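Going by UniProt numbering, the first residue of the sequence shown is number 1, and it counts up by one from there. In what follows, a structure is listed as structure tokens, so that the remarks can point back to it.
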Amino acid sequence: MTIETKTRARPAAVILTPNAEARIAELMAGAPEGAIGVKLSTPRRGCSGLAYSVDYVTEETRFDEKIETPGGTFYIDGGSVLYLVGSTMDWVEDDFTAGFVFNNPNAKGSCGCGESFTV
């Protein structure tokens, strides 16, 4: 008797909007030499505990999640995935600010300035 194993693609931990994908493409177009992608992590920082950080990455780390976008590779820090599952990442620009904006269903609260969040 042969047991057949089926695998299915799992959804990405973070959904990237078209604006976020376009911004990743812009970042990668001007990336420093050696950069292989852009990485999202949640370092401990701010008055609520965790913050969002997006930086260039020069090498893959074993447990990082990897998402291929039309403009470049997007990584999610392996230690941050549990805090981010189901989140949406957008790029928003207006007359005064520009930046990545996160809709994170895991966040239970955030600080008044919006720099950090709790889970």
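Glycine included, every Cβ here is placed at the ideal spot set by N, Cα and C. No experiment lies behind these values; they were computed from the predicted model shown.
Bounding residues of the alpha helix (DSSP H) (the contiguous stretch that carries I24): In the DSSP assignment, I24 falls within the alpha helix (DSSP H) that extends over P18 to A29.
When DSSP labels each residue in this structure, what does Y52 get in the three-state scheme? Three-state DSSP puts Y52 in coil, outside helix and strand.
From K108 to I24, what does the alpha carbon distance come to, in whole angstroms? When rounded, the distance between both Cα atoms is 27 Å.
Between the stretch 92-101 and the stretch 66-79, do three or more beta carbon pairs fall short of 8 Å? Cβ pair count under 8 Å is below three, so no.
Tell whether a beta-carbon distance below 9 Å holds between Y56 and L84. No; because the gap between Cβ atoms is not below 9 Å, this pair is not in contact.
Span separating the alpha-carbon of residue 140 from that of T58: The question about residue 140 has no answer here: the residues shown for the chain are numbered 1 through 119.
CA-to-CA distance, S53 to D64, given in whole angstroms: In this structure, the CA atom of D64 is about 14 Å from the CA atom of S53.
Secondary structure of V81, DSSP reduced to three states: V81: helix per DSSP, three-state reduction.
My output table needs one value for N104: the three-state DSSP class, helix, strand or coil. DSSP places N104 outside both helix and strand once states are collapsed to three, so it counts as coil.
Let's see if you can read the secondary structure: which residues bound the beta strand (DSSP E) around D90? Per DSSP, D90 belongs to the beta strand (DSSP E) from S87 to E93.
Using only the alpha-carbon positions, how far apart do A35 and L82 sit? Their Cα atoms are separated by approximately 25 Å.
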